[in-house]
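Protein chains in written order, with this note's numbering: chain A, 1069 to 1421; chain B, 1069 to 1421. All C-beta atoms in this analysis are idealised placements derived from N, C-alpha and C, irrespective of residue type, glycine included. Just so we're clear, the structure is a prediction, and the values are computed from it rather than from any experiment. Structure, as structure tokens:
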DNA sequence: CAGCGCTATGGAAACGTTTTCAGATGATTT
DNA sequence: AAATCATCTGAAAACGTTTCCATAGCGCTG
């Protein structure tokens, strides 16, 4: 690997000058700079990142710790993070599959000296606090923490309000027995969405019941499996709120196989508004969340505290979740819709606005 | 930030000893090691990664360059990469949205000194070769290159065979006019799948036609939009092969809205076999690809060349693509299937085996 | 022409590690 | 008691940069 010294020798200058050229320092003669660029090009030289960050103690890199990488949700978060990061000329050091605080802390340690700050998604309750105890000193931003952590920024999704609005909509449509398919035990998003479901029921004076809260794990299969429990409940529910769209899709598949009409016999609402939601039969009513934006905001917050202006005060942001109405909830019958607009034209974007 | 010197002072030893302790060097007295661990714990010390890689010239990090991060495909690739990497105690430095070779090379340069090797996904034809010209010296693995690049490993998906098997199946079912919805212009996967489509037609003595090759860009919306072209073609096709499942889902949605029965009036086959494929109506026949494995293999190949055994000879791997039959192609009618097995039980996994 | 300020450049000291080499200590052998 | 040896530890030299400080050259001003 060629070093700055090789380039200096080839260009007949000192290493200080080469360094200046590569850092855009204007106090270098034009012809000298040209000679340096030539030599560097010839030797295929580029400054060594590790050495550079050792002296400057800046890395142009953000560490990202996620509990998992499976599914649309994480992929969108990363996409948002990457977008915002590359705009600021930062790179991303990624590590996932961190179940508990101990693993997170270990991974964060391993990143020491390689990152300027950390974005940590703590999907289980209490994780953020535990992690913060160990990692308190460095700049970090939490994604979707259970509570507002002290002394650091966080950005989260208003899962609770989203869940509530979905179920309130079902109630407004006249449903009185409404089931839900839960997310994984201990998962914050899942618990918050469940909380929104319960809030809505309570708000309407409807009673919650364990047999209406079916277990799930955010996979399509869980949705499929939930159908039997759904149909076995007494009294039988007329609507169901799935904690995410993958499970809602599973529900639709399972209900179709079981011969239950949607929304006629069973209204279905999901959460996330994934791309294929409008391609399902019937098109899935879902709670839209801009997950990509979640990632972008996290980066933004982190860069604020990392930035040259010194650490900004920590902030807390909450992203809204909005109900997107389609046919699976029963509030719009398909025939009411202008057929042409849903055809091959721009209908695809219509409910995306 | 506390350094090795602080720990050495606190523990009353030299920095060499502290370094030995943290690297598991056995030639350190037990009580000394204990004192060092204590001091390190007290001061919350962990070795600085940048400094470490500067001396050892190893980073325990793999660079990953992708053209994009949108959709199931990339998210699965990254998941596979992350899985294999963390098993080998490597981290991932990620950078995406690289449209052309120039950007890729720039991003790769910026990673110099921070990674031990690179995994590059060059989704456009010719990109791999162009990149290789600039980055030839360092260890790298290509994902899905257009041609086998010289002098480096690559792993790819057998898109062509997958596309061919899908269309051959439709032909075997008696279809004679078969359309396709293409992926993005210039995209390798898209072109290969299209190639498979044409191979199958040619193999059966059927003629290809531009009006049967509808444009698309791998999004659901593209599938929706393709419906009008599909129905306008003369003679009207009785089957369509979509270059990915997102577009196939869009097709199903659009065909449903247009009142065209699937598979009765129009058989549909997709590619990727995403999770919701079996939740669509009708369940989507698709070509299964283990994208996660693609990522895992790439890491494996890269670690072979990076590893302590010195650079292994470069290898080329091709992952198979297998047709998964469901109802949208018309070869299985829903009523023929055992209803119970497709109910709430294990049916979800049935066609996943 | 002395003195001054400005610009372009070089020398050298950091940055925080790992690792080689040598030395100290104490135990064992002759 | 001297010699050998094994074990543990420390001093110091890398690794490839950035950046502070010094200085050489040069055109002005007075």
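Quick one: does residue 1191 (chain B) have its CB under 7 Å from some CB of chain A?
The residue given as residue 1191 (chain B) occupies position 123 in the second chain. So no, residue 1191 (chain B) is outside the interface.
Once DSSP output is grouped into helix, strand and coil, what is the label at residue 1146 (chain A)?
Position 78 of the first chain, counting from 1, holds the residue named residue 1146 (chain A). In the three-state reduction of the DSSP assignment, residue 1146 (chain A) falls in the helix class, which pools H, G and I.
Assuming the contact rule is C-beta atoms closer than 8 Å, residue 1107 (chain A) and residue 1079 (chain A) should be a hit. Round their C-beta distance to whole Å, please.
Start at 1 with the first residue of the first chain, and residue 1107 (chain A) comes out as number 39. Start at 1 with the first residue of the first chain, and residue 1079 (chain A) comes out as number 11. Between residue 1079 (chain A) and residue 1107 (chain A) the Cβ distance is about 4 Å, and since that is below 8 Å, they are a contact.
Neighbour list for residue 1161 (chain B) in chain A, Cβ cutoff strictly below 9 Å:
Your numbering for residue 1161 (chain B) matches position 93 in the second chain. The answer, in chain order, is 1129, 1159, 1160, 1161, 1162 and 1182.
In chain A, which residues lie less than 8 Å from residue 1354 (chain B) when you measure between Cβ atoms?
Taking the second chain and counting its residues from 1, one reaches residue 1354 (chain B) at position 286. Residues of chain A passing the Cβ test: none, with the nearest at roughly 13 Å.
Residues of chain A with CB closer than 7 Å to the CB of residue 1114 (chain B), please, in chain order.
Working through the second chain from its first residue, we reach residue 1114 (chain B) at position 46. In chain order: 1177 and 1180.
If you draw a straight line from the C-alpha of residue 1130 (chain B) to the C-alpha of residue 1124 (chain B), how long is it?
To locate residue 1130 (chain B), count along the second chain from 1; it is residue 62. To locate residue 1124 (chain B), count along the second chain from 1; it is residue 56. Their Cα atoms are separated by approximately 16 Å.
Which residues, taken in chain order from the stretch 1237–1250 of chain A, show a beta carbon closer than 9 Å to some beta carbon of chain B?
none
Between residue 1150 (chain B) and chain A, is there a C-beta pair that is closer than 7 Å?
Sequence index remark: in the second chain, residue 1150 (chain B) carries index 82 (1-based). Closer than 7 Å to some Cβ of chain A, the Cβ of residue 1150 (chain B) qualifies, so yes.
Could you tell me which residues DSSP pairs with residue 1390 (chain A) in its beta bridges?
By one-based count along the first chain, residue 1390 (chain A) stands at place 322. Answer is A:1356.
Going by the beta-carbon positions, is the gap between residue 1193 (chain B) and residue 1256 (chain B) smaller than 7 Å?
What you label residue 1193 (chain B) is simply residue 125 of the second chain in a count that begins at 1. What you label residue 1256 (chain B) is simply residue 188 of the second chain in a count that begins at 1. It is a contact, given that the beta carbons lie within the stated cut-off.
Which residue's Cα is closest to the Cα of residue 1164 (chain A): A:1154, A:1179, A:1137 and A:1143?
On the first chain, residue 1164 (chain A) is found 96 positions in, with the first residue counted as 1. Each of A:1154, A:1179, A:1137 and A:1143 was checked against the Cα of residue 1164 (chain A), and the nearest Cα belongs to A:1137.
Whole-number beta carbon distance between residue 1400 (chain B) and residue 1346 (chain B), since they are thought to touch under 8 Å
Reading the second chain from its first residue, position 278 is the one you call residue 1346 (chain B). Reading the second chain from its first residue, position 332 is the one you call residue 1400 (chain B). About 12 Å; that fails the 8 Å criterion.
Just checking my contact of residue 1020 (chain A) with residue 1187 (chain A) at CB under 8 Å: how many whole Å lie between their CB atoms?
As displayed, chain A neither begins before 1069 nor continues past 1421, which places residue 1020 (chain A) out of reach and without an answer.
Is there at least one non-hydrogen atom of the ligand NAP closer than 6 Å to the beta-carbon of residue 1353 (chain B)?
The ligand NAP is not part of this structure, which contains no ligands at all.
What are the boundary residues of the alpha helix (DSSP H) that residue 1290 (chain B) is part of?
Numbered from its first residue, the second chain carries residue 1290 (chain B) at position 222. 1288–1300 is the span of the alpha helix (DSSP H), which, as asked, contains residue 1290 (chain B).
Quick one: is residue 1363 (chain A) buried, meaning 16 or more other Cβ sit within 10 Å of its Cβ, or exposed?
Walking along the first chain from the start, residue 1363 (chain A) turns up at place 295. The residue is buried, with at least 16 neighbouring Cβ atoms inside 10 Å.
Output yes if chain B places a C-beta closer than 7 Å to the C-beta of residue 1087 (chain A); else output no.
Along the first chain, one-based indexing puts residue 1087 (chain A) at 19. No, residue 1087 (chain A) lies away from the interface with chain B (no Cβ there is under 7 Å from its Cβ).
Return the bridge partner residues of residue 1189 (chain A) from the DSSP annotation.
Position 121 of the first chain holds residue 1189 (chain A). BP columns for residue 1189 (chain A) point to A:1211.
Report yes or no: is there a C-beta of chain A within less than 7 Å of the C-beta of residue 1335 (chain B)?
For the purposes of this step, residue 1335 (chain B) is taken as residue 267 along the second chain, with counting starting at 1. Answer no: the Cβ-Cβ gap between residue 1335 (chain B) and chain A never drops below 7 Å.
Among B:1225, B:1207 and B:1206, nearest to residue 1215 (chain B) - alpha-carbon criterion
Here residue 1215 (chain B) is taken as the residue at index 147 of the second chain, counted from 1. For residue 1215 (chain B), the nearest C-alpha among the options comes from B:1225.
With C-beta atoms as the reference, is residue 1162 (chain A) less than 7 Å away from residue 1172 (chain B)?
Numbered from 1 along the first chain, position 94 holds the residue referred to as residue 1162 (chain A). Numbered from 1 along the second chain, position 104 holds the residue referred to as residue 1172 (chain B). For residue 1162 (chain A) and residue 1172 (chain B), no; Cβs fall outside 7 Å.
8 Å Cβ cut-off: residues of chain A touching residue 1399 (chain B)
Here residue 1399 (chain B) corresponds to residue number 331 of the second chain, with the count starting at 1. Under the 8 Å cutoff, chain A gives no residues; its nearest Cβ is about 18 Å from residue 1399 (chain B).
Jot down the residue ranges of each uninterrupted alpha helix (DSSP H) in the stretch 1300–1334 of chain B, minimum 4 residues, whole runs only, in chain order.
Listed in chain order, the complete alpha helix (DSSP H) runs (minimum 4 residues) inside the stretch 1300–1334 of chain B are 1313–1325.
On the three-state DSSP scale, how would you describe residue 1274 (chain B)?
By 1-based counting over the second chain, the position of residue 1274 (chain B) is 206. Three-state result, residue 1274 (chain B): coil.
Enumerate, from N- to C-terminal direction, the unbroken alpha helix (DSSP H) stretches of 4 or more residues contained entirely within the stretch 1194–1268 of chain A.
1195–1203 and 1227–1240
My output table needs one value for residue 1070 (chain A): the three-state DSSP class, helix, strand or coil.
Residue numbering aside, residue 1070 (chain A) sits at position 2 when the first chain is read from its first letter. Reduced to three states, the DSSP call for residue 1070 (chain A) is coil.
Taking the C-alpha atoms as reference points, what is the distance between residue 1329 (chain A) and residue 1267 (chain B)?
Here residue 1329 (chain A) is taken as the residue at index 261 of the first chain, counted from 1. Here residue 1267 (chain B) is taken as the residue at index 199 of the second chain, counted from 1. Residue 1329 (chain A) and residue 1267 (chain B): Cα-Cα distance of roughly 41 Å.
What residues in its chain sit with their C-beta under 6 Å from that of residue 1313 (chain B), if we drop five residues either side in the sequence?
Residue numbering aside, residue 1313 (chain B) sits at position 245 when the second chain is read from its first letter. Result list for residue 1313 (chain B): 1338, 1340, 1342, 1345 and 1354, in chain order.
If you measure from the beta carbon of residue 1156 (chain A) to each beta carbon in chain B, is any gap under 7 Å?
By one-based count along the first chain, residue 1156 (chain A) stands at place 88. Not an interface residue.
Quick one: does residue 1137 (chain A) have its CB under 7 Å from some CB of chain B?
The residue given as residue 1137 (chain A) occupies position 69 in the first chain. Judged by the 7 Å Cβ criterion, residue 1137 (chain A) is in contact with chain B.
Exposed or buried, what is residue 1332 (chain A) when buried is set at 16 or more other beta-carbons lying within 10 Å of its beta-carbon?
Counted from its first residue, the first chain places residue 1332 (chain A) at position 264. The residue in question, residue 1332 (chain A), is exposed, as its Cβ has fewer than 16 Cβ neighbours within 10 Å.
Is residue 1141 (chain A) helix, strand or coil when you go by DSSP?
Residue numbering aside, residue 1141 (chain A) sits at position 73 when the first chain is read from its first letter. Correct three-state label for residue 1141 (chain A): helix.
Checking contacts by CB at 7 Å: is residue 1143 (chain A) closer than that to chain B?
Mapped onto the first chain, residue 1143 (chain A) falls at position 75. It does; some Cβ of chain B falls within 7 Å.
Between residue 1244 (chain B) and the rest of its own chain, which residues show a CB-CB distance below 7 Å, the 5 nearest in sequence each way excluded?
To locate residue 1244 (chain B), count along the second chain from 1; it is residue 176. Taken in chain order, the residues that qualify are 1274.
Reference residue 1236 (chain B); option with closest CA among B:1142, B:1307, B:1128 and B:1388:
On the second chain, residue 1236 (chain B) is found 168 positions in, with the first residue counted as 1. That would be B:1307, whose Cα lies nearest to the Cα of residue 1236 (chain B).
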